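Okay, so the sequence shown: first residue is 0 according to numbering that gives the first Met the number 0, each after it adds one. For glycine and all other residues, C-beta sits at the position ideal for the given N, C-alpha and C. On a predicted model such as this, the values are computed, not experimentally measured, just so you know. Single-structure report; data block below.
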Amino acid sequence: MAYENIITDVRGDAPLRTGWITLNRPKALNALSDPLMDELGAALKAFDADASIGCIVVTGSEKAFAAGADISQMVTMDFMHVYKNEHISRNWEHMRSVRKPVIAAVAGFALGGGCEVAMMCDLIVAADNAKFGQPEVKLGILPGAGGTQRLPRAVGKAKAMDMALTARMMDAAEAERAGLVSRVVPLADLHKEVQAIGDQLGRYSLPTLMAIKECVNRAFESPLSDGLWFERRMFHAFFGTADQKEGMGAFLEKRTPAFTHG
Ligand code: DAK
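Here's what the structure looks like:
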């Protein structure tokens with residue numbers, strides 16, 4: 000598929016490489032238009048299905064990860080249009096079905112839908128110029144792609160209410176303190192640091208990474224007892240894998256494991 004709103008490329012030197020998706024509508028600060036979200040979904044699906052890829056990175060420009068859903072596209076929409084066309088859910092939910100780890104590499108603005116897309120990723124690595132916010136209130140709408148649900152789970156009610164009710168932006172340092180982002184790195188090093196994570200994941204067993212992701216996500220969907228039960232069963236299942244024998248064997252033989260992803 001030829002893309003017009005994103006750029007894809009493959010990077011890294013680990014056995015499993017990293018699929019990069021760069022949001023590329025610089026004139027609109029990567030506003031998340033329908034065509035862009037269609038392409039993002041297609042690229043995520045393609046990398047998820049590619050056996051040579053171990054993890055996926057979603058990034059934007061130095062100025063903006065994404066400044067939100069495209070306001071110029073939404074301004075004339077009415078209820079029946081968004082309802083009948085499944086506005087947002089139709090092409091924003093692909094991220095949730097990706098089984099490989101997805102890293103958001105965020106520089107600049109991650110606002111509204113941009114912040115929500117970042118929160119749908121598994122980890123967020125922020126450049127020191129990153130700014131996160133849910134400013135929808137200023138437009139007379141509310142966060143509609145998970146902002147009222149994922150943000151309080153990440154940063155707690157106090158910060159989430161502050162951001163969503165007042166539209167206050169959080170800088171990278173505050174976002175790290177609050178638990179929204181995993182790491183903050185200098186802007187100049189963002190791609191290098193994120194690729195280092197990609198290379199590290201690319202040397203692990205992919206099914207193990209996928210299972211860890213499933214289990215951690217389960218923590219947000221179920222009571223503790225169910226989550227622990229799910230984790231235990233998954234843990235038991237991994238004693239049936241070649242990668243468990245290889246990982247433990249390699250440790251005891253003091254060598255680097257050569258995982259076969261089986
Ligand atoms: N949409 C469309 N265009 C945008 C945009 C956006 N979200 N953000 C920026 N742009 C465009 C600007 O209009 C401007 O275009 P030109 O005038 O040059 O043609 C260009 O990008 C550069 O922006 P600025 O000139 O404003 O740049 P500044 O550096 O001065 O300011 C800013 C940067 C990020 C602070 C500012 O652009 C800004 O406040 N942008 C809007 C941020 C925002 O309000 N984001 C939330 C959008 S609402 C739904 C679920 C979810 C959603 C909706 C519905 N349903 C379930 C139905 C999600 C909604 C949102 O995300």
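query                                                                                                                                          : result
So THR328 is in the alpha helix (DSSP H); what residue range does that whole segment cover?                                                    : What the structure shows of the chain is the stretch from 0 to 261, and residue 328 is not part of that stretch, so it cannot be assessed.
Is it true that the CB of ALA13 sits closer than 8 Å to the CB of GLY59?                                                                       : no
Is DSSP giving ARG217 helix, strand or coil here?                                                                                              : helix
Return the residue from the list ILE102, ASP121, LEU22, GLY197 that minimises the CA-CA distance to ASN216.                                    : ASP121
Does DSSP put ILE196 in a helix, a strand or coil?                                                                                             : helix
DSSP three-state label for MET209, please.                                                                                                     : helix
Determine the burial state of PHE238: buried for a count of at least 16 other Cβ atoms within 10 Å of its Cβ, exposed for fewer.               : exposed
At a cut-off of 7 Å, would you count GLU92 as near ligand 1, judging by its Cβ distance to the nearest heavy atom?                             : no
Would you mind giving the Cβ-Cβ distance between ALA104 and ALA66, rounded to the nearest angstrom? I have them listed as a contact below 8 Å. : At roughly 16 Å, the Cβ-Cβ gap does not stay under 8 Å, so ALA104 and ALA66 are not in contact.
What is the DSSP secondary structure of LEU179, counted as helix, strand or coil?                                                              : coil
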